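Structure, as structure tokens:
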Ligand SMILES: [Fe+2]
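In my numbering, the protein residues as written are 1375 to 1607.
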């Protein structure tokens, strides 16, 4: 990111499951979106407030409780519900996950904006492109943050981690779809794209697509069969 960049970008560790929440916006308009608001919502909103940013929307990578809030193993994780109480704004989801997001987080489906793959959200000079990457869940999406003359930033949720990928043994998971999301959709991104995952499951919190293409076994398999073997399928 150069000095002339309009990008406001914050990676924040949240909760007991090593989640990352992101604040992404425009330094010129002072408007931002929050990605996967969960866990300590007031302190996340405080970060934006301290930075003089207005949160104009929430984006969900997928409908799991540690990313959008909900009941998990008898424990209630705060998420979209509390976010909307404290900071009313549209919640952007992939269209396949609107019912599940409502069910898991407890917010009304009318609060959701359902998106087609490839839709964009504009904030000043920043474009956030919604990339459909099914596999971990049917409507999992990654967010490609684009700005002219700057490398892209990919927020990859539970699809791509540093050195690994999201689980595909959960209800709604699809290992074959994950193979295509990783090895076709995401692998097509330029090497200089910066990568920001949904969890801190590695010593570092960020990487590049070039580094992951070179070192991540999940991006280095040569066939679907090999990938399925890897995943124990
Ligand atoms: Fe997940």
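We put the CB at the ideal spot given by N, CA and C, even for glycine. Please read these numbers as outputs of a predicted model, since none were measured by experiment.
(message) In the DSSP output, what is residue 1538 paired with across the bridge?
(response) Note: residue 1538 sits in a beta bridge opposite 1535.
(request) Quick one: grab the DSSP three-state call for residue 1580. (result) coil
(message) Going by C-alpha to C-alpha distance, which of 1564, 1580 and 1554 sits closest to residue 1600?
(response) 1554
(request) Could you name the residues of the same chain whose beta carbon sits closer than 7 Å to that of residue 1413, not counting the 5 residues immediately before and after it, in chain order? (result) 1388, 1389, 1393, 1451 and 1452
(request) Can you say whether residue 1609 is buried or exposed, counting buried as having 16 or more other CB atoms within 10 angstroms of its CB? (result) Nothing in the structure corresponds to residue 1609, since the chain is present only between 1375 and 1607.
(message) Which residues neighbour ligand 1 when neighbourhood means a C-beta less than 5 Å away from any of its non-hydrogen atoms? List them by chain order.
(response) 1438 and 1532
(message) Closer than 8 Å is the cut-off here; do at least three beta carbon pairs connect the region 1558 to 1572 with the region 1472 to 1481?
(response) no
(message) Per DSSP, what are the beta-bridge partners of residue 1503 in this structure?
(response) 1494 and 1518
(message) Using the three-state DSSP reduction, which class does residue 1403 fall into: helix, strand or coil?
(response) coil
(message) Contact between the region 1526 to 1541 and the region 1489 to 1497 is defined here as three or more beta-carbon pairs at a separation below 8 Å; is this criterion met?
(response) Result no; under three Cβ-Cβ pairs closer than 8 Å.
(message) Taking the alpha helix (DSSP H) that residue 1595 belongs to, which residues open and close that run?
(response) Note, residue 1595: premise wrong, no alpha helix (DSSP H); not H, not E.
(request) May I ask you to verify whether the region 1501 to 1514 touches the region 1479 to 1487, counting CB pairs closer than 8 Å and requiring at least 3? (result) no
(message) Can you give me the C-alpha to C-alpha distance between residue 1587 and residue 1454, rounded to a whole angstrom?
(response) Roughly 33 Å separates the two Cα atoms.
(request) Measure the alpha-carbon distance for residue 1478 versus residue 1436 and round it to whole angstroms. (result) 11 Å
(request) Compare the beta carbon distance of residue 1359 and residue 1404 with 7 Å and say whether it is the shorter of the two. (result) Absent from the structure is residue 1359, since the part of the chain shown begins at 1375 and ends at 1607.
(request) Determine the direct distance from the alpha carbon of residue 1589 to that of residue 1538, and round the result to whole angstroms. (result) 10 Å
(message) If you measure between the beta carbons of residue 1395 and residue 1381, is that distance less than 7 Å?
(response) no
(message) I'd like to know whether the C-beta atoms of residue 1468 and residue 1431 end up nearer to each other than 7 Å.
(response) no
(message) Here's the rule I'm using: 16 or more other beta-carbon atoms within 10 Å means buried, otherwise exposed. How should residue 1449 be labelled?
(response) exposed
(request) Name the one or two DSSP bridge partners that residue 1486 has. (result) 1465
(message) Using only CA atoms, which one of 1524, 1592 and 1446 lies nearest to residue 1549?
(response) 1592
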